[in-house]
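Peer 1: As you go down the protein sequences, you meet chains A and B in turn. Here my numbering is used: the first residue of the first sequence is 1, the next is one more, and so on. Here my numbering is used: the first residue of the second sequence is 398, the next is one more, and so on. Idealized CB from N, CA, C, for every residue including glycine. Just so you know, these numbers come straight off a predicted model, no measurement behind them. Input: one structure, supplied below.
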Amino acid sequence: MDLSFSKEDLDFRQDVVNFLDAKYPEDIRERQDKRLPLDKEQNVRWQKILSKQGWFAVNWPSEYSGNPELSLTQKYILQNVLAEYNTPVLLPFGVGMCAPVIYSFGTDKQKEQHLPSILNSDVWWCQGYSEPGSGSDLASLKTRADKEGDNYIVSGSKAWTTLAQHADWIFCLVRTEKTSIKQEGISFLLIDMKTPGIEVKPIITVDGSHEVNMVFFDNVIVPCKNLVGEEGQGWNIAKFLLMHERSGIAGISSLKRELLRLRELSASTIVGEGTLLDEPGFRAKIEQTEIELTATEFTELRTLSTMSSGGSPGAEASILKIKGTELQQKISELFVEMLGYYAHPFFTENELGSNESIGPEYAGPVMPHYLNYRKVSIYGGSNEIQRNVISKAILGL
Amino acid sequence: MDFTFNEEQGLIKGQVEQFIQRDYDWETRQSFILNDSGFSQKNWKTFAELGWLGISLSEESGGFGGSAIDTMIVMEEFGKGLVLEPFLETVVMCAGLIDSTGNSEQKKEILSEVVEGRMQLALAYAEPQSRFNLADVMTEAKQDGDNFILNGFKSVVMNGPNANQIIISARTSGDQRDELGISLFVVETESSGLSLRNYQTVDNRRASELTLESVTVPSSSLIGELNQGFKELDSSIDRAILAISAEAVGAMEILYKTTVEYTKTREQFGTPIGKFQVLQHRMVDMFMEYEQCKSLLYMATMKHDEVSSDAKKAISGLKYQVGNAAKFVGQQAVQLHGGMGVTDELNVGHYFKRLTTIGTIFGNSDYHLKKYTAL
């Protein structure tokens, strides 16, 4: 047991700092610091900068990423420094989700076709899982893929598809066979979004933003070579992927940064003769959140450490999903509380950039974030489902 | 002890209920948001015709001599319909204040117009540094012969963009946070030197940032006595807390019921999700939060009408409970609706947003717990 960093680790930290000082683009930094959303070009540009440095696909085996694998400690340091600099959160759909499936289950041809373009952020991926009738019960999905010669004919609809409006490709769970056990007839299919018969319709959320979509498939022709793994293996792949999704979902480093920011801003928020941080009620909530956050950080580190010595993350990943999302929501709630009345003036994300803020400079995005973050305890397997996973897999109930 | 409404109150309740059902379906309500004012002028006229705008005002002011209980009945029904019309701001906060404190001239000029539905009002009491403390006033009014000259800044003035006149708290003597030395002025929105920056709030209502640069008003604009405005302002906010809590109770009732209905029809794993015990208990908690708030609401409203010595403590206790419950019920209604809950299309998100602002308006739970402790 040891909490300290080696000299090599500290040198690595300095490398990351030097890199960010030199290469983090000013325009992106400005949007990020104001908590304004990035456009597609800015997201892609930043990912390319990281990729060039070899710090984009850090969880890939080196034979696919072309870079030496970082140690667990180095990944931890990298994540922390990136969060301290408030660099953009990487969109997981290509690099964190589709790619691991392809290099774990795909053919050599599929690896050749897709991995380099994901590594270089030339292709934008989105995820076709949930359907209007299949949320928590994902395995009940109904989107059909019927085999006809060398093709599948895909028909159905996917819901809550994040940033599908920008996507070039979508990876989908589809039903290739009607089986008595619903999990067994599901397959994992890669689909080019330019194929005729695909329609993307925006879903506007409570914060007024367009982040998620409906994606409709009407007799879409998909070549059989786009099937990943075997027919009927889709559910196993999905389980593998959910595990991947959950292990990064806690977002501890960003939470630490936001909590620090909350503390600093509340210390300059005047209340009577003192500040908001002097108010016992508010102060207690900040400290309680910090303790819970520290606990979650070390739960994550313990899980990662088990993984690096060959163990599998298993259902412990569900703990991180629950705790991480609860903290995200709690912190966003405290930001709203901090602002008092100035949380109420409301501008959608498109209006925010062009309007002078009402009240404190940081006020504009606070309420939209709070509203938007209600999603985090719903997506990626709702927190109720995660508790079911823990109760079944860990407690054996 | 009696918790039932009298015949007249029952009639009002039925009338508002019927209005919501007939004229306030969800799509119609959403179309009002797009109006410049953020509500329906036609509805406002209806309110006037039905006598609701004068319901709590004294008969000498042209009202119907009702009590806080009558206001509560109207506001609870408004909460169910998520009514956008600024009844709280114009009638409860401002007209109520003039009715209790204004001189006969002010009552005649302003209240008759309000009761007839021809005038909108707003109360400008918050400042950027004041947070929830009504006594923290930096805006100044200096006497200049027969006039007062106002300078300062007021934040998040609800219904500001629609108001013909705005009641402004200003310091006429004393230090920044003294209760003594605050005076109330009613000022025409069109006055020279008064400027508004208007915007929408997250609950789709309208508000303004108000700047006063040497705004000259005649002495007749003073409401009540010079330097003695705090007590009346505070009383007006007490009435407003009772009213907005009633609105919250109405909104929470709709949210828990909507959630229960949804979980009966939404099927996952081959069964309605309402069959899952973890969700059943969650909805039971939502229901209990609603009931507890309703109990405190009735208690505090009756104490207020009886001018009980612990009415203020009851009101702070109520607002504390409503703040917590509104957050819990709103968040859980969204959670149990899953992805649908976070869409703009479904009404649940809109109820959640209004309950979020209600949690803050007139002081959040932390503030009122502190006040409750001190009382």
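Could you check if B/Asn346 is buried or exposed, using at least 16 other CB atoms within 10 Å of its CB as the buried criterion?
Peer 2: Nothing can be reported for residue 346 of chain B, as the shown portion of chain B is limited to 398 through 772.
Peer 1: If you measure from the beta carbon of A/Asp398 to each beta carbon in chain B, is any gap under 8 Å?
Peer 2: No answer is possible for residue 398 of chain A: it lies beyond the span of chain A, which begins at 1 and ends at 397.
Peer 1: The stretch 196 to 207 of chain A: which residues have C-beta closer than 8 Å to a C-beta of chain B, in chain order?
Peer 2: So the list reads Ile203, Ile204, Thr205 and Val206, given in the order they occur along the chain.
Peer 1: Could you pull the DSSP bridge partners for B/Asp541 from this structure?
Peer 2: The partner list for B/Asp541 (beta bridge, DSSP) reads B/Asn544.
Peer 1: What is the DSSP secondary structure of A/Gly324, reduced to helix, strand or coil?
Peer 2: Note: A/Gly324 maps to helix in three-state DSSP.
Peer 1: Assign A/Asn350 to one of three DSSP states: helix, strand, or coil.
Peer 2: The answer is helix: DSSP assigns A/Asn350 an H, G or I state.
Peer 1: Buried or exposed: B/Glu524, going by 16 or more other Cβ atoms within 10 Å of its Cβ?
Peer 2: By the neighbour-count rule (16 or more Cβ atoms within 10 Å), B/Glu524 is buried.
Peer 1: So, using beta-carbon positions, are A/Ile394 and A/Ala315 closer together than 8 Å?
Peer 2: Yes, they are a contact pair.
Peer 1: Find the nearest neighbour of B/Phe550 within the set B/Ala560, B/Asp541 and B/Ile565, judged by alpha-carbon distance.
Peer 2: Taking only the C-alpha atoms, the option nearest B/Phe550 is B/Ile565.
Peer 1: Taking B/Glu606 as the query, report the chain A residues whose CB atoms sit under 7 Å from its CB, ordered along the chain.
Peer 2: Near B/Glu606 (Cβ distances below 7 Å), the residues of chain A are Ile358.
Peer 1: Roughly how many angstroms separate the alpha carbons of A/Pro360 and A/Tyr342, rounded to a whole number?
Peer 2: When rounded, the distance between both Cα atoms is 8 Å.
Peer 1: Quick one: does B/Gln677 have its CB under 8 Å from some CB of chain A?
Peer 2: Closer than 8 Å: no.
Peer 1: Look at the Cβ atom of B/Leu518, then the Cβ atom of B/Glu486, and state whether they are nearer than 8 Å.
Peer 2: Yes, these two residues count as a Cβ contact at 8 Å.
Peer 1: Identify every residue that forms a DSSP beta bridge with A/Tyr152.
Peer 2: Per DSSP, A/Lys147 and A/Val222.
Peer 1: Can you give me, in chain order, the residues of the stretch 375 to 396 of chain A that have a beta carbon less than 9 Å from any beta carbon in chain B?
Peer 2: Those residues of the stretch 375 to 396 of chain A that come within reach of chain B (Cβ to Cβ, closer than 9 Å) are Lys375, Ser377, Ile378, Tyr379, Ser382, Asn383, Glu384, Arg387 and Asn388.
Peer 1: Less than 7 Å between the CB of B/Glu537 and some heavy atom of the ligand NAP, yes or no?
Peer 2: For the structure depicted, the ligand NAP is absent and the ligand set is empty, with no information on it obtainable.
Peer 1: Kindly list, in the order they appear in chain B, the residues whose Cβ is closer than 7 Å to that of A/Met367.
Peer 2: Those are Val599, listed as they occur along chain B.
Peer 1: Looking at C-alpha atoms only, which residue of A/Pro345, A/Ile291, A/Pro368 and A/Val154 is the closest neighbour of A/Arg175?
Peer 2: With distances taken between Cα atoms, A/Arg175 lies closest to A/Val154.
Peer 1: Measuring alpha carbon to alpha carbon, tell me which residue in A/Trp160, A/Trp60 and A/Glu290 is nearest A/Ser399.
Peer 2: Chain A is shown only over 1 to 397; residue 399 of chain A falls outside these bounds and no answer can be derived.
Peer 1: Only counting the same chain, and skipping five residues up and downstream in sequence, which positions put a Cβ closer than 7 Å to that of A/Ala167?
Peer 2: Only Trp124, Trp125, Cys126 and Met193 meet the Cβ criterion.
Peer 1: Quick check on the DSSP output: the beta strand (DSSP E) that includes A/Pro202 runs from which residue to which?
Peer 2: Ile198 to Ile204 is the extent of the beta strand (DSSP E) around A/Pro202.
Peer 1: Cutting at 7 Å between CB atoms, please list the residues of its own chain near A/Val366, excluding the five before and the five after it.
Peer 2: Only Phe335, Val336, Leu339 and Ala343 meet the Cβ criterion.
Peer 1: I believe B/Gln718 touches B/Leu693 by the beta-carbon criterion, under 8 Å. Please report the beta-carbon distance rounded to the nearest angstrom.
Peer 2: Right, the Cβ-Cβ distance comes to about 5 Å (below 8 Å), so this counts as a contact.
Peer 1: Let me see if you follow: with CB-CB separation under 8 Å, is B/Val413 close to chain A or not?
Peer 2: Answer no: the Cβ-Cβ gap between B/Val413 and chain A never drops below 8 Å.
Peer 1: Between the beta-carbon of B/Ala465 and the beta-carbon of B/His701, is there less than 8 Å?
Peer 2: Going by C-beta atoms, B/Ala465 is nearer than 8 Å to B/His701.
Peer 1: Is A/Ile385 closer than 8 Å to B/Gly736 when the C-beta atoms are compared?
Peer 2: No, the pair does not count as a contact, with Cβ atoms beyond the cut-off.
Peer 1: Can you give, in chain order, each stretch of the alpha helix (DSSP H) that sits fully within the stretch 611 to 635 of chain B and has at least 4 residues?
Peer 2: None, since the stretch 611 to 635 of chain B contains no complete alpha helix (DSSP H) of that length.
Peer 1: Just curious, the beta strand (DSSP E) that B/Phe673 is in, first and last residue?
Peer 2: Careful: B/Phe673 lies outside any beta strand (DSSP E) and carries neither H nor E.
Peer 1: 8 Å is my cut-off, CB to CB: does B/Leu766 come that close to chain A?
Peer 2: Yes, its Cβ sits closer than 8 Å to a Cβ of chain A.
Peer 1: Please state the DSSP three-state secondary structure of A/Phe240.
Peer 2: In the structure shown, A/Phe240 sits in a helix (DSSP, three-state: H, G or I).
Peer 1: In whole angstroms, give me the CA-to-CA distance for A/Glu356 and B/Thr608.
Peer 2: So the alpha carbons of these two residues sit roughly 16 Å apart.
Peer 1: According to DSSP, is A/Arg246 part of a helix, a strand, or is it coil?
Peer 2: Note on A/Arg246: pLDDT 49, under 50, position unreliable in the model; the coordinate value appears next. Helix, per DSSP.
Peer 1: Could you please give me the residues that DSSP links to B/Phe529 through a beta bridge?
Peer 2: Its beta-bridge partners do not exist; DSSP assigns none.
Peer 1: Against chain B, does A/Pro402 count as a neighbour if the rule is that its beta carbon must be under 8 Å from one of theirs?
Peer 2: As shown, chain A starts at 1 and ends at 397. That puts residue 402 of chain A outside it, with no answer to give.
Peer 1: Using three-state DSSP, classify A/Gly185 as helix, strand or coil.
Peer 2: Residue state, collapsed to three classes: helix.
Peer 1: With a cut-off of 8 Å, do at least 3 Cβ pairs link the stretch 487 to 507 of chain B to the stretch 448 to 460 of chain B?
Peer 2: As far as the Cβ criterion goes, the stretch 487 to 507 of chain B touches the stretch 448 to 460 of chain B, which means the pair count is three or higher.
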